[in-house]
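Student: Protein sequences appear in the order of chains A and B. Sequential numbering of the first sequence, starting at 0, is according to numbering that gives the first Met the number 0. Sequential numbering of the second sequence, starting at 0, is according to numbering that gives the first Met the number 0. From the three backbone atoms N, C-alpha and C, an ideal C-beta is built for every residue, glycine too.
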Amino acid sequence: MDGRLVDHPILKFERGKEVTIYFNGKPIKAYEGETVAAALYAAGVRIFSRSFRWHRPRGFFCAIGKCSACMMEVDGIPNVRTCKVYVRDGMQVRTQTGYPNAEKDIFALADKLIDRFYPHGSHYTKFTNPLIRDFVLSQLRKMTGFGKPPKAVYEGKAKHEEISCDILVVGGGPAGMSAAINAGKYGAKVLLVDENPFLGGQLVKQTHRFFGSAKHKAGTRGIRIAKILEEELQKIPNVMVLKETKVFGIYNGGKEVGAVQKDKLLRIKPKKIIIATGAYERTLVFENNDLPGVYGAGGVQTLMNVYGIYPGTRGLIVGSGNVGLILSYQLMQAGVKVAAVVEAMPRIGGYFVHAAKIRRLGIPIYVRHTVLRALGKNKVEGAVIAELDEKWNPIKGSEKKIDCDFICVAVGLSPAHELLYQAGCKMKFVPELGGLVPLRTIYNETSVTGIYAAGDVAGIEEATAAIMSGRIASIHATVALGYGGEEAKKELEEAVKDLQEFRAGPFGEKIVSGIAKCMLSS
Amino acid sequence: MKVAVIGGGISGLGVAYFLAKLGAEVEVFEQKYLLYGASGRNSGGITAQFMDKELIEMALRTMKLYEKLQSEIKFNFLLRKGGYLKLSDNPRELEKEVEYQKSAGLKVKFLSPEDVKEIFPDINTNAFKAASYFKDGAVIFPWPVIWGLAKGCRELGVKIYDWTPAEVVSETEVKVKNEVKKYDVIVNAAGAWSAEINNKLGIKNDLRVVKEEICVTESLRPYIDPYIIHSNGLYLSQSMRGEIVGGIVGKAGEKSLDSSLDFLVKYAKLATKLVPKLRGLSILRQWSGVYDETKNGKPNFGFTGKVFQLNGFGKNGMSLALAYAEKASKEIMKS
Numbered sequence: 000m001d002g003r004l005v006d007h008p009i010l011k012f013e014r015g016k017e018v019t020i021y022f023n024g025k026p027i028k029a030y031e032g033e034t035v036a037a038a039l040y041a042a043g044v045r046i047f048s049r050s051f052r053w054h055r056p057r058g059f060f061c062a063i064g065k066c067s068a069c070m071m072e073v074d075g076i077p078n079v080r081t082c083k084v085y086v087r088d089g090m091q092v093r094t095q096t097g098y099p100n101a102e103k104d105i106f107a108l109a110d111k112l113i114d115r116f117y118p119h120g121s122h123y124t125k126f127t128n129p130l131i132r133d134f135v136l137s138q139l140r141k142m143t144g145f146g147k148p149p150k151a152v153y154e155g156k157a158k159h160e161e162i163s164c165d166i167l168v169v170g171g172g173p174a175g176m177s178a179a180i181n182a183g184k185y186g187a188k189v190l191l192v193d194e195n196p197f198l199g200g201q202l203v204k205q206t207h208r209f210f211g212s213a214k215h216k217a218g219t220r221g222i223r224i225a226k227i228l229e230e231e232l233q234k235i236p237n238v239m240v241l242k243e244t245k246v247f248g249i250y251n252g253g254k255e256v257g258a259v260q261k262d263k264l265l266r267i268k269p270k271k272i273i274i275a276t277g278a279y280e281r282t283l284v285f286e287n288n289d290l291p292g293v294y295g296a297g298g299v300q301t302l303m304n305v306y307g308i309y310p311g312t313r314g315l316i317v318g319s320g321n322v323g324l325i326l327s328y329q330l331m332q333a334g335v336k337v338a339a340v341v342e343a344m345p346r347i348g349g350y351f352v353h354a355a356k357i358r359r360l361g362i363p364i365y366v367r368h369t370v371l372r373a374l375g376k377n378k379v380e381g382a383v384i385a386e387l388d389e390k391w392n393p394i395k396g397s398e399k400k401i402d403c404d405f406i407c408v409a410v411g412l413s414p415a416h417e418l419l420y421q422a423g424c425k426m427k428f429v430p431e432l433g434g435l436v437p438l439r440t441i442y443n444e445t446s447v448t449g450i451y452a453a454g455d456v457a458g459i460e461e462a463t464a465a466i467m468s469g470r471i472a473s474i475h476a477t478v479a480l481g482y483g484g485e486e487a488k489k490e491l492e493e494a495v496k497d498l499q500e501f502r503a504g505p506f507g508e509k510i511v512s513g514i515a516k517c518m519l520s521s
Numbered sequence: 000m001k002v003a004v005i006g007g008g009i010s011g012l013g014v015a016y017f018l019a020k021l022g023a024e025v026e027v028f029e030q031k032y033l034l035y036g037a038s039g040r041n042s043g044g045i046t047a048q049f050m051d052k053e054l055i056e057m058a059l060r061t062m063k064l065y066e067k068l069q070s071e072i073k074f075n076f077l078l079r080k081g082g083y084l085k086l087s088d089n090p091r092e093l094e095k096e097v098e099y100q101k102s103a104g105l106k107v108k109f110l111s112p113e114d115v116k117e118i119f120p121d122i123n124t125n126a127f128k129a130a131s132y133f134k135d136g137a138v139i140f141p142w143p144v145i146w147g148l149a150k151g152c153r154e155l156g157v158k159i160y161d162w163t164p165a166e167v168v169s170e171t172e173v174k175v176k177n178e179v180k181k182y183d184v185i186v187n188a189a190g191a192w193s194a195e196i197n198n199k200l201g202i203k204n205d206l207r208v209v210k211e212e213i214c215v216t217e218s219l220r221p222y223i224d225p226y227i228i229h230s231n232g233l234y235l236s237q238s239m240r241g242e243i244v245g246g247i248v249g250k251a252g253e254k255s256l257d258s259s260l261d262f263l264v265k266y267a268k269l270a271t272k273l274v275p276k277l278r279g280l281s282i283l284r285q286w287s288g289v290y291d292e293t294k295n296g297k298p299n300f301g302f303t304g305k306v307f308q309l310n311g312f313g314k315n316g317m318s319l320a321l322a323y324a325e326k327a328s329k330e331i332m333k334s
């Protein structure tokens, strides 16, 4: 069966030319504009690789090039993240873990046996007899490594470019786009880079309307907000946008930044840097949570709303925050059944309007429940949920089997903090903000002068706050560089006040208390 | 005999282990965590291809000690004897080196680029003019060496204090957390920080600090057996995890642990020139380390008053330190 969506009430999927790719030698139909991972998923492929030690199946997961579960050999090049590579007619795609391939892996037996005979760390503590040691080491070496060594010399031509700018913005989501617009409008020379082939970050998955006041683009669907911001960006000639460009390192206190754009190395020399790299999805610990079919909400949204591919036929949603609720609604919109929404807290986490919508559709919401385990051998074939007591322990006898073929974990986000950490910014673990975040001034400048954080990377909120915090960081940086004069200074103070007001409501309480824990005086 | 060892790297833990076996009471002070220094940051190349009889002997002894200690401590260091290849653009000089080493009893071979291709088919024979091949050379994973030595030390009653900066206030006194402790002997095994200790005590030394940068690529199925080092400074090998670990021999000067983009660019150019198929591979991590070296390339070894010097191993700490640590333990016990 073709797993592609055809009718959708809001989204239109314009598919490119039909092409054929080969998966472990087997022809598979795909459309230009689809990633390899998406096309394989649409064709029903669920096992993309095997885990290193236990050879457990690994499948489609994050969809944004972070998790490594989809690494395959593509046209002889090893370790390619297939969720980031677009299909080409005749493309040869092979799984690279497992024997003879990841789908039918004879070493899958290791999952049952390996811990009994070869517990973790055994390669240091077992086989210490000199004769056995050398033999075991030589055998171990045969089992190690992921992709096969390249068969041919990679033909891409290495290129190299140096770019100077006033402000480098890393990440083209709502915070980054807002930062680029607000610095650009005062005349600063801005470079905005994003690792994806599109701008908008996670906005592009958001088909729902935003709340709040009209000033903050309420009533507009997220996907539309991305377009509006991009159009604004295009009007500013001193903003340069580089897509498919990944920043990999900040050197020398921020004076030099390394990035790759396909085969090209960029050495960026910025005067200020705004990090707006967003967040990762969190996962949840439960038995079999690594089975193909257990996804983050973002992965499912990408699959469904960006590529128009069904994640499955019937899903279990874990987490009733806004993401979980909106996703449930989006799934129903696309014609996918939602078996239930499970929430560990005694009440629903997200906005009432979203929950009411879900209820109206007849989806049961189980509060004070958690998922105990995923069922299935090679992919999700069901789940067991249970009620929790006051101490968060599952109540015996309350287990319920849920019939589903995918589980979607929407239990929140963690800041994608790596670049800030690597740049030497002082970091702090603040649970209210979702994890490890940088210390910052009210203008979002970190402990490293000239490096700012904006949006979810500074603390998990949502797109409206991200847009506002991008504005604050960029205007502060712009003013520091001597642009904008009194007008910019005035706007900066307004922007700070704006965000404070936005956070003043009951939903902002947690954020405000979190931010108080990581404030630097400015 | 009460001994304080400053530095929890291979030389410090090594000497602590041998001293404890001879019955000394030993305390090791590490200012950061074990593996923070060069012992935790190097690429694990093991060779005896030196231009000095003593160094060759000590390197061979170190290799034997690795074998012995793995069994004694019951801990594997993941020592893999895949050979050690020294490539050079100056065949005449290299040939002389090989002749010297042969005369010193080392089983080393002078190879042409075509001969090297038989050992590692993917090598670009135009990227060097000759090679010296030491079949018993090896790659070791430095982390289990340190973990194993620490395990062995603790089992013998050695006290290892990590995150404990120790100030050597005199030849027999160490100040730790505002408390001055007295010892019969203090071993200066502080790697790149050894010169600071000596300077504070007024002990003359010619130690200088070298910073070296290094990186690893994504993991591939094992296919590079030998540890390869080129006269242009490039070195690379493949770890037990399949990553290509490589760097460029450092230069004396700064002591920072910062990484640079210049290094990555230079390394990528040199590495893909030597092994063209590495083109297109992703680099996953980069880092840097610092070590101390002497002017004549031999370790700074022996008593200076009551302080025993066990430093200045340069980039060859993993190849030499254990044998010198063993020798140091004997000299200290005799004192």
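Select from A:I272, A:N237 and A:K242 the residue whose C-alpha is nearest the C-alpha of N251 of chain A.
Tutor: Residue 251 of chain A sits at position 252 when you count from the first residue of the first sequence. The shortest C-alpha separation from N251 of chain A is found at A:I272.
Student: Which partner residues of Q91 of chain A appear in the DSSP bridge assignment?
Tutor: Reading the first sequence from its first residue, position 92 is the one you call residue 91 of chain A. For Q91 of chain A, which the question treats as bridged, DSSP gives the partners A:Y21.
Student: Pull out every residue of the stretch 221-235 of chain B whose Cβ sits closer than 8 angstroms to any Cβ of chain A, in chain order.
Tutor: P221 and Y222
Student: With a threshold of 8 angstroms between beta carbons, is G279 of chain B in contact with chain A?
Tutor: Numbered from 1 along the second sequence, position 280 holds the residue referred to as residue 279 of chain B. Closer than 8 angstroms: yes.
Student: Would you call the CB atoms of G558 of chain A and V436 of chain A closer than 8 angstroms?
Tutor: Any question about residue 558 of chain A goes unanswered here, given that chain A covers just 0 to 521.
Student: Between the C-alpha atoms of K268 of chain A and V322 of chain A, what's the straight-line distance to the nearest angstrom?
Tutor: Counting from 1 along the first sequence, the entry for residue 268 of chain A is found at position 269. Counting from 1 along the first sequence, the entry for residue 322 of chain A is found at position 323. It is roughly 37 angstroms from the alpha-carbon of K268 of chain A to the alpha-carbon of V322 of chain A.
Student: Count the CB pairs spanning the stretch 42-58 of chain A and the stretch 67-75 of chain A that are closer than 8 angstroms, and state whether there are at least three.
Tutor: They touch, by the three-pair rule.
Student: Beta carbon of L191 of chain A, beta carbon of V238 of chain A: below 8 angstroms?
Tutor: In the first sequence, the residue the question calls residue 191 of chain A occupies position 192. In the first sequence, the residue the question calls residue 238 of chain A occupies position 239. In contact: L191 of chain A and V238 of chain A (Cβ atoms closer than 8 angstroms).
Student: Cβ of L139 of chain A less than 8 angstroms from any chain B Cβ?
Tutor: Here the question's residue 139 of chain A lines up with position 140 in the first sequence. Chain B, which has a Cβ nearer than 8 angstroms to the Cβ of L139 of chain A, makes this yes.
Student: Just to make sure I have the definition right: I need the residues of chain B whose C-beta is within less than 7 angstroms of the C-beta of T94 of chain A. Which are they?
Tutor: Working through the first sequence from its first residue, we reach residue 94 of chain A at position 95. None at all; the shortest Cβ gap to chain B is about 14 angstroms.
Student: Whole angstroms is fine: what's the gap from A225 of chain A's alpha carbon to G172 of chain A's?
Tutor: Taking the first sequence and counting its residues from 1, one reaches residue 225 of chain A at position 226. Taking the first sequence and counting its residues from 1, one reaches residue 172 of chain A at position 173. Taking the straight line joining both Cα atoms gives about 8 angstroms.
Student: For the stretch 131-158 of chain A, list every residue whose C-beta sits within 9 angstroms of some C-beta in chain B, in sequence order.
Tutor: R132, D133, V135, L136, S137, L139, R140, K141, T143, G144, F145, G146, K147, P148, P149, K150, A151, V152, Y153, E154, G155 and A157
Student: Using 8 angstroms as the threshold, is the C-beta distance between L12 of chain B and I145 of chain B below it?
Tutor: Your numbering for residue 12 of chain B matches position 13 in the second sequence. Your numbering for residue 145 of chain B matches position 146 in the second sequence. Yes, Cβ-Cβ distance for L12 of chain B and I145 of chain B is below 8 angstroms.
Student: In or out: L112 of chain A buried (at least 16 other Cβ within 10 Å) or exposed?
Tutor: Here residue 112 of chain A refers to the residue found at position 113 when the first sequence is read from its first residue. It is exposed - the Cβ of L112 of chain A has fewer than 16 other Cβ atoms within 10 Å.
Student: Could you check what DSSP says for E243 of chain A in three-state terms: helix, strand or coil?
Tutor: Taking the first residue of the first sequence as position 1, residue 243 of chain A is located at position 244. In the structure shown, E243 of chain A sits in coil (DSSP, three-state: anything other than H, G, I, E or B).
Student: Between Q95 of chain A and the rest of its own chain, which residues show a CB-CB distance below 8 angstroms, the 5 nearest in sequence each way excluded?
Tutor: By 1-based counting over the first sequence, the position of residue 95 of chain A is 96. Non-local C-beta neighbours of Q95 of chain A in its own chain, meaning closer than 8 angstroms and more than five positions away in sequence, comprise S48, M70, M71, E72, P77, N78, A101, F145, G146 and K147, ordered along the chain.
Student: Counting Cβ pairs closer than 8 angstroms, one from the stretch 393-400 of chain A and one from the stretch 410-421 of chain A, do we hit at least three?
Tutor: no
Student: Hey, would you say E31 of chain A sits closer than 8 angstroms to K16 of chain A, going by beta carbons?
Tutor: Translated into the one-based positions of the first sequence, residue 31 of chain A becomes position 32. Translated into the one-based positions of the first sequence, residue 16 of chain A becomes position 17. Result yes, Cβ atoms of E31 of chain A and K16 of chain A sit closer than 8 angstroms.
Student: At the 8 angstroms Cβ level, is I76 of chain A part of the contact set with chain B, yes or no?
Tutor: Along the first sequence, one-based indexing puts residue 76 of chain A at 77. With 8 angstroms as the cut-off, I76 of chain A counts as an interface residue toward chain B.
Student: Counting only the same chain and skipping the five closest in sequence on each side, list residues whose C-beta sits under 7 angstroms from that of D104 of chain A.
Tutor: As a first step, residue 104 of chain A is located in the first sequence; it is residue number 105 there, counting from the start. If we look at D104 of chain A and ignore the five residues flanking it on each side, its Cβ neighbours are R49, H54, G97 and Y98.
Student: So with CB distances below 7 angstroms, who are the chain B contacts of P99 of chain A?
Tutor: As a working note, residue 99 of chain A is residue 100 in the first sequence. Result: empty, since nearest Cβ-Cβ is about 15 angstroms, beyond 7 angstroms.
Student: Is it right to say K141 of chain A is buried, meaning 16 or more other beta carbons lie within 10 angstroms of its own, or is it exposed?
Tutor: Walking along the first sequence from the start, residue 141 of chain A turns up at place 142. Under this definition K141 of chain A is an exposed residue.
Student: Quick one: what's D291 of chain B bridged to in DSSP?
Tutor: Here residue 291 of chain B is taken as the residue at index 292 of the second sequence, counted from 1. Among the bridge pairs identified by DSSP, D291 of chain B is matched with B:V208.
Student: From the DSSP output, read off the bridge partner residues of F133 of chain B.
Tutor: Reading the second sequence from its first residue, position 134 is the one you call residue 133 of chain B. The secondary-structure analysis by DSSP pairs F133 of chain B across a beta bridge with B:Y83 and B:V107.
Student: N198 of chain B lies in the alpha helix (DSSP H); which residues open and close that run?
Tutor: Here residue 198 of chain B is taken as the residue at index 199 of the second sequence, counted from 1. According to the DSSP assignment, N198 of chain B belongs to the alpha helix (DSSP H) that extends over S193 to L200.
Student: Cα separation between Y185 of chain A and A487 of chain A?
Tutor: As a working note, residue 185 of chain A is residue 186 in the first sequence. As a working note, residue 487 of chain A is residue 488 in the first sequence. Whole-angstrom Cα-Cα distance: 7 angstroms.
Student: What in chain B is Cβ-close to F126 of chain A, meaning under 9 angstroms?
Tutor: The sequence position of residue 126 of chain A within the first sequence is 127, counting from 1. Under the 9 angstroms cutoff, chain B gives N75.
Student: Name the two residues that bound the continuous alpha helix (DSSP H) containing M142 of chain A.
Tutor: Position 143 of the first sequence, counting from 1, holds the residue named residue 142 of chain A. Where M142 of chain A is concerned, the enclosing alpha helix (DSSP H) stretches over P129 to M142.
Student: Is F197 of chain A closer than 8 angstroms to V189 of chain A when the C-beta atoms are compared?
Tutor: Taking the first residue of the first sequence as 1, we reach residue 189 of chain A at position 190. Taking the first residue of the first sequence as 1, we reach residue 197 of chain A at position 198. Not closer than 8 angstroms, so no.
Student: How about S70 of chain B and V107 of chain B: do their beta carbons lie closer than 8 angstroms?
Tutor: The residue you call residue 70 of chain B lines up with position 71 of the second sequence. The residue you call residue 107 of chain B lines up with position 108 of the second sequence. No, the pair does not count as a contact, with Cβ atoms beyond the cut-off.
Student: Using a Cβ cut-off of 7 angstroms, which residues of the stretch 242-261 of chain A contact any Cβ in chain B, in chain order?
Tutor: G248, Y250, E255 and G257
Student: What did DSSP end up calling M71 of chain A once you bin it into helix, strand or coil?
Tutor: Locating residue 71 of chain A in the first sequence gives position 72, counting from the first residue. Here M71 of chain A sits in strand by DSSP.
Student: Would DSSP call E160 of chain A helix, strand or coil?
Tutor: Numbered from its first residue, the first sequence carries residue 160 of chain A at position 161. Of the three classes helix, strand and coil, the one that applies to E160 of chain A here is strand, per DSSP.
Student: On a CA-only basis, which of A:E431, A:A354, A:V335 and A:G334 is nearest E342 of chain A? Give me that one, please.
Tutor: Looking up residue 342 of chain A in the first sequence gives position 343. Residue A:A354 is the option with its Cα nearest to E342 of chain A.
Student: Just the C-alpha distance for C61 of chain A and I331 of chain B, rounded to the nearest angstrom, thanks.
Tutor: Along the first sequence, read from residue 1 onward, the residue named residue 61 of chain A stands at position 62. Along the second sequence, read from residue 1 onward, the residue named residue 331 of chain B stands at position 332. Their backbone Cα atoms lie some 58 angstroms apart in a straight line.
Student: In chain order, what residues of the stretch 50-79 of chain A put their CB closer than 7 angstroms to some CB of chain B?
Tutor: I76, P77 and N78
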